[in-house]
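Below: the structure, in structure tokens.
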Amino acid sequence: MLSRRLFIAAAPLTLIGAPGILRAQSVFRTFPFALGIASGDPSPDGFVIWTRLAPDPLELHGGMAMTPMDVEWEVASDDRFATVVATGTTVARPEVAHSVHVEVAGLQPNRPYWYRFTAGGERSFSGRARTLPAAGAAMDKLKFGVVGCQNFEDGFFGAYNHLAREDLDFVFHYGDYIYEWRGSPSSASYFTGKLQVPVRQHAGQLLYDLADYRQRYAQYKTDTDLQRAHAAHSFLPTFDDHEVDNNWVAGISGSGSPAEMFELRRAAALQAWYEHMPVRKANMPRFGSGTFHRTARFGNLAEIQLLDTRSYRSDQACDDGFKPLCEGVNDRNAQVLGAEQEAWLAKNLSGSQARWNCLAQQIMMMSLDRRRAANEDTRIANMDSWAAYEVPRQRLLGRMAGLGNVIVLTGDEHQNFVGDLVHKDKVVGTEIVATSISSGGDGSDLRYGSEQMMTNNPELKFLNDQRGYVVCEVTPDAWLSHFQVVDKVSVRANSMTRRATAEVAYGVPGAKMTGLPA
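Residues in the sequence shown are numbered from 174 upward in steps of one, following the numbering used here.
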């Protein structure tokens, strides 16, 4: 973890303002805002601003006394805080790890603001947030980032340093913000089984209780590149599996815990997720459940549905994993979104007046044949994707048919993909799968067998195995998705290039790739 002085020296002044010097003497032994600040879930008149008091992040309770503490907050219309437009005092309570979630309202639409916190005589860095356009406002452009899958042990988060410098309206985080695995000086690769040495090591054992999850979030949030990205952009965060347990669904553990025990673990994990994310009180879990799907509307240009593909899903078919298709994938009673969320989504899609409809979610919707060698004669599918839930998958694809404006944003795969979504032999949408920030290590342009996957799946337009993120540029006529990749994550400083761009024309489902090697 960098010291406060080193962090100030390393941070670009255009992205993170240095803490102000206060006259009051601090009550903290060390800087209480060591986990940074964040904004998220923007609306036309405001957003959430977040921080957590943790002067000793990896210590029990973050080094805080178990008592409530006042935290003052300010929002200004300029980065020097000459014009403060909103201010107040909230309480950081020990029940939620001394985190605060201030839902700022009454601001002007579609413009940047700056915010900061003060507690115990210490002032935080300043961050920048942006409100959404007014409902139905005529908009001619939107630019946002898509990120996720950031395994601390697999590499540094240098891609976030590049993301912080992008000019974006917001960032969608598709999940796997933390990984629940124990720290170890060596481990077996999740994909190959070969011995690997982590670039940096998790603190603690496999996560089970609330203290475990809080410590893991604290360790991740000490990463200064991640802090820069949060300070520069408002996030729309969702979660996938590793925030709880690899490949969990509904009340079913991915690692075999009994249902009544997993219920306790899931409750602890989702509470810690809420404590560390800039989300609204409406998304606060209660005893392991809650409503996490929601909508972000960008004027008349785009309507983004943030989905939850874990909480209501049926158990994976074929006993999970990458396997040949079995009868279970055609289970008519299977669910991915659950009946209530699916009905909510169907209503939003049918009633949308936006130029573009976007589904921001976690698991691949294309049903890809995963065979990587020409001599394999049995189709292989990922059972932890929509491919293992063919009935609800086709039901959703059917609702996209005829709209001509649906983009699906996905993560989880630790690779970049672009592909057509096909229903009854017609292309009904385009899926953009964003690679990981660090999960999977340095990577390469293509994994073994990628050429065979492209051959086996004619709907697939692009495949790449490097780390980074996606930047989406949206106009009324086109949706561009730029695949930004870094050369290495095994070193702290890295370089970034644009690997390719996928373009979807409005009213013409299906992507065309540009920027590919000749």
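Don't be surprised by glycine CBs; every beta carbon is placed ideally from N, CA and C. In this text, all values refer to a predicted model and were calculated from it rather than measured experimentally.
How would you call residue i, buried or exposed, if buried means at least 16 neighbouring beta carbons within 10 angstroms?
{"i": "D398", "result": "buried"}
{"i": "R296", "result": "buried"}
{"i": "M239", "result": "exposed"}
{"i": "K496", "result": "buried"}
{"i": "M434", "result": "exposed"}
{"i": "Y621", "result": "exposed"}
{"i": "L689", "result": "exposed"}
{"i": "A184", "result": "With a pLDDT of 41 at A184, under the threshold of 50, the predicted position of this residue should be treated as unreliable, though the coordinate-derived value follows. With 16 or more other Cβ atoms within 10 Å, it is buried."}
Work out the CA separation of residue j and residue i for me, nearest whole Å.
{"i": "H406", "j": "F343", "result": "6 Å"}
{"i": "Q198", "j": "A292", "result": "11 Å"}
{"i": "N503", "j": "R568", "result": "12 Å"}
{"i": "Q281", "j": "N456", "result": "24 Å"}
{"i": "K367", "j": "A361", "result": "5 Å"}
{"i": "I605", "j": "A675", "result": "8 Å"}
{"i": "V370", "j": "A391", "result": "22 Å"}
{"i": "L341", "j": "A527", "result": "20 Å"}
{"i": "S525", "j": "S216", "result": "17 Å"}
{"i": "G584", "j": "Y286", "result": "29 Å"}
{"i": "H449", "j": "S272", "result": "7 Å"}
{"i": "H375", "j": "H274", "result": "27 Å"}
{"i": "Y128", "j": "D218", "result": "The structure shown does not extend to residue 128, since the chain is modelled only from 174 to 691, so the question has no answer here."}
{"i": "T468", "j": "E476", "result": "7 Å"}
{"i": "L498", "j": "W354", "result": "29 Å"}
{"i": "T260", "j": "P241", "result": "19 Å"}
{"i": "S484", "j": "A255", "result": "44 Å"}
{"i": "I194", "j": "Q378", "result": "Residue confidence is low: I194 scores 47 on pLDDT, short of 50, so the model does not pin down where it sits. Its coordinate-derived value is still stated next. Between I194 and Q378, the C-alpha separation is close to 39 Å."}
{"i": "F656", "j": "R671", "result": "6 Å"}
{"i": "G577", "j": "L409", "result": "25 Å"}
Bridge partners for residue i per DSSP, in chain order?
{"i": "A678", "result": "A651 and V681"}
{"i": "D638", "result": "S617"}
{"i": "C645", "result": "F317 and S654"}
{"i": "Y286", "result": "A302"}
{"i": "T583", "result": "V606"}
{"i": "F343", "result": "F317"}
{"i": "K496", "result": "A554"}
{"i": "T224", "result": "I210 and V273"}
{"i": "D593", "result": "T603"}
Could you give the C-beta distance for residue i and residue j, rounded to a whole number, given that I count them as a contact under 8 Å?
{"i": "A607", "j": "L633", "result": "No, A607 and L633 are not in contact; Cβ-Cβ is about 15 Å, not under 8 Å."}
{"i": "R301", "j": "A404", "result": "7 Å"}
{"i": "Y393", "j": "F325", "result": "6 Å"}
{"i": "V221", "j": "E276", "result": "6 Å"}
Looking at residue j and residue i, is the spacing between their C-beta atoms short of 8 Å?
{"i": "D327", "j": "G614", "result": "yes"}
{"i": "Q535", "j": "T411", "result": "yes"}
{"i": "E586", "j": "M537", "result": "yes"}
{"i": "V319", "j": "C645", "result": "yes"}
{"i": "G213", "j": "V452", "result": "yes"}
{"i": "A519", "j": "R572", "result": "yes"}
{"i": "F330", "j": "S668", "result": "no"}
{"i": "R545", "j": "M626", "result": "yes"}
{"i": "A651", "j": "R470", "result": "no"}
{"i": "Y424", "j": "E436", "result": "Note on residue identity: the sequence assigns Gly, not Tyr, to residue 424. Yes. Within cutoff."}
{"i": "D413", "j": "R438", "result": "no"}
{"i": "V422", "j": "R505", "result": "no"}
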